[in-house]
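Numbering (our numbering), first residue to last: 1 to 175.
Glycine residues also receive a C-beta, built at the ideal position from the N, C-alpha and C atoms.
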Ligand SMILES: [Zn+2]
């Protein structure tokens with residue numbers, strides 16, 4: 001390889017090598033961790049994690065993490081936890097697909113045809129928004145606990161009507 005090309009390749013590699021990487025992973029109920037890859041952008045790490053969590057009704061998972069690692073740093077100094085979520089039973093569909101992030105007061109069901117969600121309001125700090133897309137249900141509460149009670153109520157109503165999120169969609173008239 002001629003020196004010019006070598007120099008070019010070295011520069012290209014040096015310049016594109018990320019100084020930090022984003023590492024999403026999930027932990028199974030049994031304690032085993034599943035790494036989902038190492039990515040150079042936060043956006044890609046989130047995309048990969050979200051795509052994986054869509055399958056969470058098929059698995060027994062208890063948490064997910066995205067960790068940032070600074071390259072060439074020794075030990076824990078090189079590590080920052082960007083996000084941790086815990087998997088709970090969904091208040092609406094009752095499947096173990098409800099991902100809760102206690103740091104940001106947000107939660108989202110990744111179960112098919114449910115997608116119940118909770119999020120702190122971006123306009124009014126301290127106010128919690130929640131929703132259940134299949135019924136276009138939206139509401140605000142003042143605490144995470146109240147938000148979960150609201151979703152529990154939807155779950156109870158569905159149960160009383162003998163419906164599941166899957167078939168409730170077909171039973172709601174189209175607008
Ligand atoms: Zn759900």
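The alpha-carbon of residue 64 is positioned some 11 angstroms away from that of residue 23.
Counting only heavy atoms of ligand 1, the residues whose C-beta sits closer than 5 angstroms to one of them are, along the chain, 90, 92, 93, 109, 111, 114, 116.
Within the same chain, 24, 36, 64, 66 come within 7 angstroms of residue 49 by CB-CB distance, once the 5 residues on both sides are set aside.
Between the region 115-131 and the region 75-88, the count of C-beta pairs closer than 8 angstroms stays below three; the two stretches do not touch. Bounds of the alpha helix (DSSP H) holding residue 153 are 144-160.
With respect to the C-alpha of residue 142, the residue from 113, 125, 101 having the closest C-alpha is 125.
Taking all protein chains shown into account, residue 110 has 16 or more neighbouring C-beta atoms within 10 Å of its C-beta and is therefore buried. Boundaries cannot be given for residue 71, as no beta strand (DSSP E) includes it and DSSP labels it neither H nor E. Ranking 114, 140, 134 by CA distance to the CA of residue 123 puts 140 first. Residue 17 and residue 8 have their C-alpha atoms some 14 angstroms from each other.
Counting along the chain, residue 52 sits inside no beta strand (DSSP E); it lies in the alpha helix (DSSP H) bounded by residues 42-53.
Judged by DSSP secondary structure, residue 119 falls within the beta strand (DSSP E) whose first and last residues are 117-120. For the 8 angstroms CB-CB criterion, residue 96 and residue 87 form a contact. In the three-state DSSP reduction, residue 78 falls in the helix class (H, G or I). Nearest C-alpha to residue 46 among 21, 128, 33: 21. When DSSP states are grouped into helix, strand and coil, residue 8 belongs to the helix group.
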